[in-house]
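Trainee: From first to last, the protein sequence lines stand for chains A and B. Residue numbers for the first sequence follow my numbering, beginning at 1 and rising by one. Residue numbers for the second sequence follow my numbering, beginning at 1 and rising by one. C-beta: ideal position from N, C-alpha, C; glycine also. Below you will find the structure I want to go over with you.
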Amino acid sequence: MRMCSLRQKAWSPYVAGIIIGLLQVPAFLLISTALGASSSYVTVGGYIAALFDPAVVGIDYVAKHMAATGKNWWQVALVVGVALGAFLSMKLSGAKRQAISPIWGRALGTHSPVARYAMAFGAGFLMLFGARVADGCTSGHGLSGMAQMAVSSTIAVAFMFVGGIATAVLVLRRI
Amino acid sequence: MSVFPAILIGLAMGVVFGFAFEKARVFEPGMIVGQMQLRNFTMLKVFLTAVATGAVVLAALQGFGLIKLAPKATFYAADMLGGLVLGAGITLAGACPGTILAQIGAGYRDAWFTLAGGLAGAIAFSYAEPALTPLLFTGGPGRLTFMDLTGLPYPLLAAGFAVVLVGALVALEKWRPWRDDLGADVDGDFAAAPEAPVSARLKAAE
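Spelled out as structure tokens, the structure:
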């Protein structure tokens, strides 16, 4: 079997990690920014909020993220591309996913899809609220900030794992 | 750069990013929850490899004067609190803000709810930001880096950091080969695998 055929279901995490790390080159050279994902939620969220409350653009933070700059829309396009890339990879390998990962039934002690959907919504809320408080997520702080030797990112990532591990041990059941 | 070419570049880079997430299996809830329960190390391997690679390429680019680094400003309380809440969310979602989209692409239906929750969280933060700024985002040492703390140049520190990470990854792989973490359907699920008797025994002991 070839090492990394496009049709393979899994690649070595090291090959995938190198590819992801190399994406910093076009990010810095072409967009003058580092890989990141969570700002795009403020950009898209700003447009959604503005539908109901046009005054939201009066908040500087929102206006800054909604501005028609290459950097803002590059990141929105990046996360849309992530969905396309994962879809493509999945189609090529022929892997099929159930609607909900089988691990959730064990982790939550219930197979109710409604329970999982409600929890997913709450988890998404916490994740992006936390990421915006920390000013970055696993990509912006984790991949990019740590590679740039930033103190803020090292603190944020350490506490991310503390929060993640504590939640996985105390809240979820063993998968 | 103007918006249209930036969008095309973003899409192209995103496709590569999503492809790598999917092939690495790191977008699977089983891999994320497994990592946070310290039973699966796929996430850490992908993450540390990407950090090491990023450090090496950025060290080269910065060393040749081609780029300017953009480290984020340090606000101790915000970095700690935000990190804790982000981490709790990652575990409960089984995803990161970036891999939610990979889950959607791969066909996980619950990821749409994670995405909606994420947008709601970002909107809630946007409304709270003016009130939070005096509490969390004022003062602080600015864009503090380990170069400031050590006095060493970035290319040297970044290269040294990458060497340490590679050493850690070699040890991690020796202790735990990556194929052992793939699971039943390359999804980090070990329900039907040899792990089952262990949990059965645990249950019997309860």
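Which residues in chain B sit within 7 Å of Val79/A, going by Cβ to Cβ distance?
Mentor: On the first sequence, residue 79/A is found 79 positions in, with the first residue counted as 1. The contacting residues are Gly14, Gly98 and Leu101.
Trainee: Does DSSP classify Ala150/A as helix, strand or coil?
Mentor: Along the first sequence, read from residue 1 onward, the residue named residue 150/A stands at position 150. Of the three classes helix, strand and coil, the one that applies to Ala150/A here is strand, per DSSP.
Trainee: Could you spell out the range, first to last residue, of the alpha helix (DSSP H) harbouring His65/A?
Mentor: The residue you call residue 65/A lines up with position 65 of the first sequence. Element bounds for His65/A: Asp60 to Met66.
Trainee: Is it buried or exposed, Trp73/A, if we count other Cβ atoms within 10 angstroms and call 16 or more buried?
Mentor: The sequence position of residue 73/A within the first sequence is 73, counting from 1. With 16 or more Cβ atoms within 10 Å of its Cβ, Trp73/A is classed as buried.
Trainee: Applying the criterion that 16 or more other CB atoms from any shown protein chain within 10 Å of the CB defines a buried residue, is Ala196/B buried or exposed?
Mentor: Translated into the one-based positions of the second sequence, residue 196/B becomes position 196. In this predicted model, Ala196/B has a pLDDT of only 48, less than 50, meaning its place in the structure is not dependable; the value taken from the coordinates is given anyway. Exposed is the call here.
Trainee: Can you tell me the Cα-Cα spacing of Leu132/B and Gly82/B, whole angstroms?
Mentor: Taking the second sequence and counting its residues from 1, one reaches residue 132/B at position 132. Taking the second sequence and counting its residues from 1, one reaches residue 82/B at position 82. Going from the Cα of Leu132/B to the Cα of Gly82/B covers about 12 Å.
Trainee: If you drop the 5 nearest sequence neighbours on each side, which residues of the same chain put their C-beta closer than 7 Å to that of Tyr77/B?
Mentor: The count along the second sequence starts at 1 and reaches residue 77/B at position 77. For the sequence presented, residue 77/B should be read as Ala rather than Tyr. So the qualifying residues of the chain are Leu136.
Trainee: Counting only C-beta atoms, is Thr167/A closer than 8 Å to chain B at any point?
Mentor: The residue given as residue 167/A occupies position 167 in the first sequence. Chain B, which has a Cβ nearer than 8 Å to the Cβ of Thr167/A, makes this yes.
Trainee: For my contact list, Cys96/B and Cys137/A are in at a C-beta cut-off of 8 Å; report their separation, rounded to the angstrom.
Mentor: For this step, residue 96/B is matched to residue 96 along the second sequence. For this step, residue 137/A is matched to residue 137 along the first sequence. With 8 Å as the limit, Cys96/B and Cys137/A qualify as a contact, their Cβ atoms being about 6 Å apart.
Trainee: Which residue or residues does DSSP assign as beta-bridge partners of Gly142/B?
Mentor: Mapped onto the second sequence, residue 142/B falls at position 142. The partner list for Gly142/B (beta bridge, DSSP) reads Thr74/B.
Trainee: To the nearest whole angstrom, what separates the beta carbons of Gly46/B and Val25/A, a pair I think is in contact under 8 Å?
Mentor: For the purposes of this step, residue 46/B is taken as the residue at position 46 of the second sequence. For the purposes of this step, residue 25/A is taken as the residue at position 25 of the first sequence. Looking at the sequence itself, residue 46/B is Val, so the reference to Gly does not match. Going by Cβ atoms, the distance from Val46/B to Val25/A rounds to 18 Å, so no, they are not a contact pair.
Trainee: Using C-beta distances below 7 Å, list every residue in its chain close to Ala134/A, excluding the 5 sequence neighbours before and after it, in chain order.
Mentor: Sequence index remark: in the first sequence, residue 134/A carries index 134 (1-based). For Ala134/A, where only same-chain residues beyond five positions count, the Cβ hits under 7 Å are His141 and Ala156.
Trainee: Give me the chain B residues within the contact set of Val42/A, using Cβ-Cβ distance strictly less than 7 Å, ordered along the chain.
Mentor: For the purposes of this step, residue 42/A is taken as the residue at position 42 of the first sequence. What Val42/A touches in chain B: Ala122 and Ser126.
Trainee: Are the C-beta of Ala134/A and some C-beta of chain E separated by less than 8 Å?
Mentor: Going by chain labels, chain E is absent from the structure shown, which instead holds the protein chains A and B.
Trainee: Short of 8 Å Cβ to Cβ, which residues in the stretch 75-88 of chain B face chain A?
Mentor: The stretch 75-88 of chain B vs chain A, Cβ under 8 Å: Phe75, Tyr76, Ala78, Asp79, Met80, Leu81, Gly82, Gly83, Leu84, Val85, Leu86, Gly87 and Ala88.
Trainee: Where Phe125/A and Leu92/B are concerned, what is the direct C-alpha to C-alpha distance, given to the nearest angstrom?
Mentor: Position 125 of the first sequence, counted from the first residue, corresponds to residue 125/A. Position 92 of the second sequence, counted from the first residue, corresponds to residue 92/B. Phe125/A and Leu92/B: Cα-Cα distance of roughly 11 Å.
Trainee: Below 7 Å CB to CB, which residues in the same chain sit around Gln180/A once its five sequence neighbours on both sides are set aside?
Mentor: Missing from the structure shown is residue 180/A; chain A here goes from 1 to 175 and no further.
Trainee: So, using beta-carbon positions, are Gly10/B and Ala77/A closer together than 8 Å?
Mentor: On the second sequence, position 10 is the one that residue 10/B refers to. On the first sequence, position 77 is the one that residue 77/A refers to. It is a contact, given that the beta carbons lie within the stated cut-off.
Trainee: Taking the runs of the alpha helix (DSSP H) that are 4 residues or longer, which of them lie wholly in the stretch 9-64 of chain A?
Mentor: As far as the stretch 9-64 of chain A is concerned, its whole alpha helix (DSSP H) runs of at least 4 residues are 13-22, 24-31 and 39-52.
Trainee: Mapping the DSSP letters down to three states, classify Gly183/B as helix, strand or coil.
Mentor: The residue labelled residue 183/B in the question sits at position 183 within the second sequence. Residue state, collapsed to three classes: coil.
Trainee: For Leu182/B, go through chain A and note every residue whose CB falls closer than 9 Å to its CB, in chain order.
Mentor: As a working mapping, residue 182/B is identified with position 182 in the second sequence. Under the 9 Å cutoff, chain A gives Lys9 and Ala10.
Trainee: Cβ closer than 9 Å: which chain A residues qualify as neighbours of Thr138/B?
Mentor: One-based indexing of the second sequence puts residue 138/B at position 138. In chain order: nothing, as chain A lies at least about 13 Å away.
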